[in-house]
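Asker:
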Amino acid sequence: AQRVTQPEKLLSVFKGAPVELKCNYSYSGSPELFWYVQYSRQRLQLLLRHISRESIKGFTADLNKGETSFHLKKPFAQEEDSAMYYCAYKGNTGKLIFGQGTTLQVKP
Amino acid sequence: EPEVTQTPSHQVTQMGQEVILRCVPISNHLYFYWYRQILGQKVEFLVSFYNNEISEKSEIFDDQFSVERPDGSNFTLKIRSTKLEDSAMYFCASSEERYGYTFGSGTRLTVV
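So the protein sequences, as listed, match chains P and G.
Heads up: take any position in the first sequence, counting from 1, add 1037, and you land on this note's numbering.
Heads up: take any position in the second sequence, counting from 1, add 13, and you land on this note's numbering.
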């Protein structure tokens, strides 16, 4: 079954510390993976997708097919990064399968 | 930047009543979706819609649910005979092709 796992419900770090939000997936076929961010009471916003290999707001994510992971990283967390982060997998049919989400809390 | 608009932002309804959640997708997008998020749980796929018909639906999307694109701009989700467990945040999304969703800000449905 297609599944996305985000093992941490809450990740709390101090400002300036490195951040890694974990995401593992199980799939059949060619995966397309995304990270979405949801700031307090706002809409889900696309942060990254593995195809574009870009860096947004200092975040990067590398698809590791051997470990079936797509962890989100940022070297120096900022307070404005505090939000809910969702990893999502898109299969051949186009629907997104979301992980449970990780709340990132960046303390001053 | 174009947005997906959802109305209302919050709807309270009595159990057994019908509700219609409305969405205005981005105008040149061709694929439309509904997702829901029960409080404290993950975002779940409900249905996708393309070329004026449902292209895929989840097991959640039973006969109680229906979608429609009545006038070429709106995309609606109707829930008949609402149950307490239908209380959730409902997100509409659209995409130009099969990549790059844009989500709306959601409608919080509370069934009492």
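Glycine included, each C-beta is placed from N, C-alpha and C at the ideal position.
Every value quoted in this text rests on a predicted model; they were computed, and no experiment measured them.
Since I believe Val32(G) is in contact with Val17(G) (beta carbons under 8 Å), could you give me their beta-carbon distance rounded to a whole number of angstroms?
Answerer: Mapped onto the second sequence, residue 17(G) falls at position 4. Mapped onto the second sequence, residue 32(G) falls at position 19. The pair is not a contact, with the Cβ atoms about 19 Å apart (cut-off 8 Å).
Asker: Straight-line CA distance for Gln54(G) to Ser61(G)?
Answerer: Taking the second sequence and counting its residues from 1, one reaches residue 54(G) at position 41. Taking the second sequence and counting its residues from 1, one reaches residue 61(G) at position 48. Answer to the nearest angstrom: the Cα atoms are 21 Å apart.
Asker: If we call anything under 8 Å between Cβ atoms a contact, is Lys1046(P) one with Gln1137(P)?
Answerer: Position 9 of the first sequence, counting from 1, holds the residue named residue 1046(P). Position 100 of the first sequence, counting from 1, holds the residue named residue 1137(P). Going by C-beta atoms, Lys1046(P) is nearer than 8 Å to Gln1137(P).
Asker: What residues from chain P crowd round Val124(G), counting only those whose CB sits closer than 9 Å?
Answerer: Numbered from its first residue, the second sequence carries residue 124(G) at position 111. Ordered by position in chain P, no residue passes the 9 Å Cβ test against Val124(G), which lies about 21 Å from the chain.
Asker: Listed from N- to C-terminal order along the chain, which residues in the stretch 1076-1091 of chain P have their beta-carbon within a distance smaller than 9 Å of any beta-carbon of chain G?
Answerer: Those would be Arg1078, Gln1079, Arg1080, Leu1081, Gln1082, Leu1083, Arg1086 and Ile1088, in chain order.
Asker: Does the count of Cβ pairs from the stretch 93-113 of chain G and the stretch 18-29 of chain G closer than 8 Å reach three?
Answerer: Yes: the two stretches touch, three or more of their Cβ pairs being nearer than 8 Å.
Asker: Considering only the alpha carbon of each residue, which of Ile51(G), Met102(G), Arg35(G) and Leu52(G) lies closest to Arg121(G)?
Answerer: The count along the second sequence starts at 1 and reaches residue 121(G) at position 108. Comparing Cα positions, the closest option is Met102(G).
Asker: Mind reading off the beta-carbon distance from Leu1100(P) to Leu1070(P)? Whole number of angstroms is fine, and I expect it under 8 Å.
Answerer: Walking along the first sequence from the start, residue 1100(P) turns up at place 63. Walking along the first sequence from the start, residue 1070(P) turns up at place 33. That belief holds up - the Cβ atoms of Leu1100(P) and Leu1070(P) are roughly 6 Å apart, short of 8 Å.
Asker: Can the beta-carbon of Ala1054(P) be found less than 8 Å from the beta-carbon of Trp1072(P)?
Answerer: For the purposes of this step, residue 1054(P) is taken as the residue at position 17 of the first sequence. For the purposes of this step, residue 1072(P) is taken as the residue at position 35 of the first sequence. For Ala1054(P) and Trp1072(P), no; Cβs fall outside 8 Å.
Asker: For Gly1084(P), I'd like the list of residues in its chain whose CB is within less than 7 Å of its CB, leaving aside the five on either flank, ordered along the chain.
Answerer: Here the question's residue 1084(P) lines up with position 47 in the first sequence. Note on residue identity: the sequence assigns Leu, not Gly, to residue 1084(P). Around Leu1084(P): Trp1072, Tyr1073, Val1074, Ile1093 and Phe1096.
Asker: Tell me the DSSP bridge mates of Asn1061(P)?
Answerer: Stepping through the first sequence from its first residue, residue 1061(P) is reached at position 24. DSSP output for Asn1061(P) lists Thr1042(P) and Ser1106(P) as bridge partner(s).
Asker: Assign Ser1077(P) to one of two classes, buried (16 or more other C-beta atoms within 10 Å of its C-beta) or exposed (fewer than that).
Answerer: Counted from its first residue, the first sequence places residue 1077(P) at position 40. Flag for Ser1077(P) reads exposed.
Asker: Give the DSSP bridge partners of Leu122(G), in chain order.
Answerer: Position 109 of the second sequence, counted from the first residue, corresponds to residue 122(G). Its beta-bridge partners are Gln24(G) and Ala101(G).
Asker: Taking 8 Å as the CB-CB limit, is Tyr1123(P) close to chain G?
Answerer: By 1-based counting over the first sequence, the position of residue 1123(P) is 86. It does: the Cβ of Tyr1123(P) has a partner Cβ on chain G nearer than 8 Å.
Asker: Could you list the residues in the stretch 47-58 of chain G with a C-beta less than 8 Å from some C-beta on chain P, going in chain order?
Answerer: Against chain P - using a Cβ distance shorter than 8 Å - the residues of the stretch 47-58 of chain G are Tyr48, Gln54, Lys55, Val56, Glu57 and Phe58.
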